[in-house]
């Protein structure tokens, strides 16, 4: 920058002349002119970017920005030229040039009144902050004095100073700003110094370095800003837009400081009262800014007792509580869900969040709240907010209630006791499944929910949390007052169940819906009763302070429970969905609350076995629900058998007779028959009063059926080849069938019905599947292991039974898995003619429904699938569904075998055949099916005993990671190619569903890697009580899964290769997580040569490439931290890689300084700040600016950009936030891999 002249003269040595002002103006106008072609805009942009890189660009930009005669967009462009020079050229400035730049910025700020629109003044403020982050407190020592002098100039200058102060506070303390993080300590101390009154510094920070001479005056900026806010409030802020604008800026500036200031500053400047006065001004932007500033204060944690009294307690004073109540009532009054007043609605949300935080402080230190506080009014306000029609407004306060009710002194207070019935009523009513309401519902709560949350997954996650909090409130209340609360809840339930169809049409199978109003009513009430039951059980577990009284109450309540349950069983429910929920609830009562009353369990068992199940084939949804009820009944009688095996044994002969009668005289399928067999198996297996020999004889008879099924020579022959496997299922001639029926000539398979022969073929496939020993094995395996402690006698019996059966089952089971996966591999169909290969590919492609993406509802999708069973599409579904069921039942069986530990994992020749069976054809599976395979693989890895890991895990983990690496890489390549090549008119539905499922698979795979290398869930800790602390720690470390993985190169290397692949996947959540995993693992690789080399070369290159691409903008912080860790691990190799980058190959001095800085600081924030700063100039694009939407409104928020609608607090959302649509094309990348690295 030799040509950078300090006096602001031209200095362009002939390369650019003042006459080019006109050319710049033309270029800017071409960019903004809607009539300009893309080529013209690109040429104009390239020209303007080229000007920024001229060596005298700073002086030139200053001239453009300073001259008020220039058009405003030309002056703004001049400011962007200065910004570019500061951001990318500051470290190359000489001392004189840096002084000149500071002088120019100050000069521009002094003339800011003449600079026109507010966005121009804000850009000047941003330039000031950029210079300050680089030199304030070092070379620039009088900045505070200059700000104070600007402050005294005019109201507009005060607005500019507020913007500068807010920007600095945000960048230094609240944002992940890489430049500020490089000088974090110095800038942090300087900010504290200038914002804090001198008296507070002397009192609170007596050891503060006196050489930190950056402040001017004694009062500090918090006091100045509070005084300005007061001036605005008394000088017509309500009616003068300019004054109101300054008041809002003052509040925003206070908000940016309240999270990090010394609490004493808040007290000494009386900040709370200054901010609170703004709440009473009926200007929504000001009230919103005031609530945000208060929220910043009360989002802080760990106030000392005196600070609690001085800062927290004033908010409970009667006048403040009354003010907040009036404000909330005003924002909520006249709320129309179909015509929302957005600013008022947003204010309601923010006020609710503030009140929730205040409620948390009440819960934390109730004893410090003074008597003069109006706590009853505050609690009534919390209840009032809870009842707001919007669940998003309600949920922060609902969360606060879950905590308040756990604090004895609050829960027992008269104010809360008065509110308990109303709390119970509100939480009960809010347990409705709103997501199941029809899309055209006019329920205000539902309409507001749709407005607040755009996608079904978001709503599902949010409502799950909301219901969890409601259940929590019901639980806590019942635990506190079990008798009264349970009586109220059960009475309410009885009333609803007996009047379920009041105001509704009577039940009819032909109008059945799983989400009918009656089902939703019953479901909500069952959820309330279930929550109350959990509260009762917790009361039982914790009672004992008054043994006699408590025992009497327990017996009274058990009598009431049994009477209530018997009453419910007398009510006839025709709706199978309601029946299903009622039976599940009754079994929960029998096994939990009435576990000491087996007579009721027997009565309930009789009720379930005799339940009339009337099918109606002409009403498919109803018929499907009846089948679901049948499956629930068999599952629930098994729950009863697990809880009451001895009592059921006493009537075993009668039960066996009844089961045989059901099997022989009812139309039940194979699944039901096996369920009843498992029911009897559980009784025999778990009864403690049965003679040992009798038990062994009966169990052996059942297990012999399993062994005989798997050792059947006919089955072995059928599994000897892929072709014989197909023939076994009736699929040997399947392609001939497709040809004969003309599948290749029909476009809409769902509309083409099967003929009688086709339906017979379909039935044959299903019947052949039923003959496999899969379901019997699955059911008896579940019955053998469910809810068993590994130290129990039934578990030992199960191990003995199945250890004998494993050698008989496993050979053919693995063959079955292998063939079922090979069926999906198109290579096995490559011999077919082209048109039939197309048919097979279509047959093997699942239909699926995806929440938030599919255009039809879930119920409509299942109705469509169910309605097409006898069509060509239904036939194709039968083929792929049969093979899918084989795979998934085999997976379940393998998972069940893991419960037997050494008996399964100790089979020495199992790992390699198992790995081959699971992964040999895994690439042929869809992403969804690979997710299912990944789940069983995770269970296989997790449950492996520590001492058998070296034998069992290497082939499993390495093969799994290799397959995941290939699958995920190729699938993402396909998705990215489709996005880049597709046109705007394409139907995005299938593409979005595929991408969504691929994201889920990628995340599940990354979670497995995270668990392998980080999570203690895999640490099968043994008892080391006899060892010293050091020995126990060493033994625990040796048992960790991460120790085994990192110490086994054949396992870790495929894991590392997979992690490198994920770094290039366009999914922020996965990139962030895998970056963290690699940072954790990096220090362990110092002595691991090949892995360290791969990490410091291939992984580093992948991280740098992702860092420079727009899709990874939200993962940049983690990627930069990973790069810093790699630099620390092997500076020499990392140095060579980074020097190969464009723009850095000629700057070894810059790279050396950055590496030295990274090695000299301990803070990860500073280390990643150095990385972001070092790489920011590559390709001339600022990494940390990518993805920002720079607005032209007032305030720092406008520069930061943000979502159109306020976001729900992250803690209430359990799903990743992302775009609702797929972005086409996108911003050009900075360059391909070929030219990123030399």
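In full-length UniProt numbering, the protein residues as written are 1 to 1238.
The beta carbon of each residue, even a glycine, is placed where N, CA and C say it ideally should be.
Keep in mind it's a predicted model, so treat the numbers as computed, not measured.
Nearest residue (CA-CA) to residue i, options the options
i: residue 124; options: 447, 432 and 107; result: 107
i: residue 752; options: 213, 653 and 873; result: 873
i: residue 91; options: 1172, 1150, 1161 and 1168; result: 1150
i: residue 1137; options: 1094, 89, 1117 and 637; result: 1094
i: residue 1001; options: 769, 928, 70 and 67; result: 928
i: residue 841; options: 870, 744, 1063 and 775; result: 744
i: residue 1283; options: 901, 913 and 771; result: Only positions 1 to 1238 of the chain appear in the structure, and residue 1283 is not among them; the question remains open.
i: residue 326; options: 362, 282, 366 and 238; result: 282
i: residue 292; options: 350, 263 and 328; result: 350
DSSP state of residue i mapped onto helix, strand, coil
i: residue 151; result: helix
i: residue 260; result: coil
i: residue 753; result: strand
i: residue 428; result: helix
i: residue 599; result: helix
i: residue 830; result: coil
i: residue 871; result: strand
i: residue 737; result: helix
i: residue 876; result: helix
i: residue 301; result: coil
i: residue 794; result: helix
i: residue 543; result: coil
i: residue 76; result: helix
i: residue 944; result: coil
i: residue 1191; result: With a pLDDT of 33 at residue 1191, under the threshold of 50, the predicted position of this residue should be treated as unreliable, and no value is reported.
i: residue 20; result: helix
i: residue 53; result: coil
i: residue 343; result: helix
i: residue 1161; result: coil
i: residue 715; result: helix
Nearest-angstrom Cα separation, counted from residue j out to residue i
i: residue 807; j: residue 981; result: 52 angstroms
i: residue 280; j: residue 553; result: 51 angstroms
i: residue 101; j: residue 128; result: 10 angstroms
i: residue 497; j: residue 509; result: 19 angstroms
i: residue 1008; j: residue 949; result: 16 angstroms
i: residue 20; j: residue 118; result: 27 angstroms
i: residue 1076; j: residue 1084; result: 14 angstroms
i: residue 81; j: residue 47; result: 12 angstroms
i: residue 1122; j: residue 89; result: 26 angstroms
i: residue 524; j: residue 531; result: 11 angstroms
i: residue 250; j: residue 194; result: 16 angstroms
i: residue 773; j: residue 706; result: 7 angstroms
i: residue 1040; j: residue 1152; result: 38 angstroms
i: residue 240; j: residue 252; result: 18 angstroms
i: residue 168; j: residue 995; result: 40 angstroms
i: residue 394; j: residue 466; result: 9 angstroms
i: residue 902; j: residue 1067; result: 39 angstroms
i: residue 1246; j: residue 166; result: Given a span of 1 to 1238 for the chain in the structure shown, any question on residue 1246 remains unanswerable.
Strand pairing of residue i, partner residues [DSSP]
i: residue 650; result: Looking at the DSSP assignment, residue 650 forms no beta bridge with any residue, so it has no partner.
i: residue 136; result: 140
Q: Examine the Cβ distances between the stretch 895-909 and the stretch 749-767 and report whether three or more of them are shorter than 8 angstroms.
A: The answer is no - the stretch 749-767 does not touch the stretch 895-909, with fewer than three Cβ pairs under 8 angstroms.
Q: Taking 8 angstroms as the threshold, find out whether the stretch 1051-1063 comes into contact with the stretch 943-961 through three or more Cβ pairs.
A: Yes, the stretch 1051-1063 is in contact with the stretch 943-961.
(Q) Counting beta carbon pairs with one atom in the stretch 271-288 and one in the stretch 310-324, are three or more of them shorter than 8 angstroms? (A) Yes, they touch.
Q: Report yes or no: do the stretch 345-360 and the stretch 417-424 share at least 3 C-beta pairs separated by less than 8 angstroms?
A: Cβ pair count under 8 angstroms is below three, so no.
Q) Using 8 angstroms as the Cβ pair cut-off and three pairs as the minimum, do the stretch 677-693 and the stretch 634-651 touch? A) Enough Cβ pairs lie closer than 8 angstroms, so yes.
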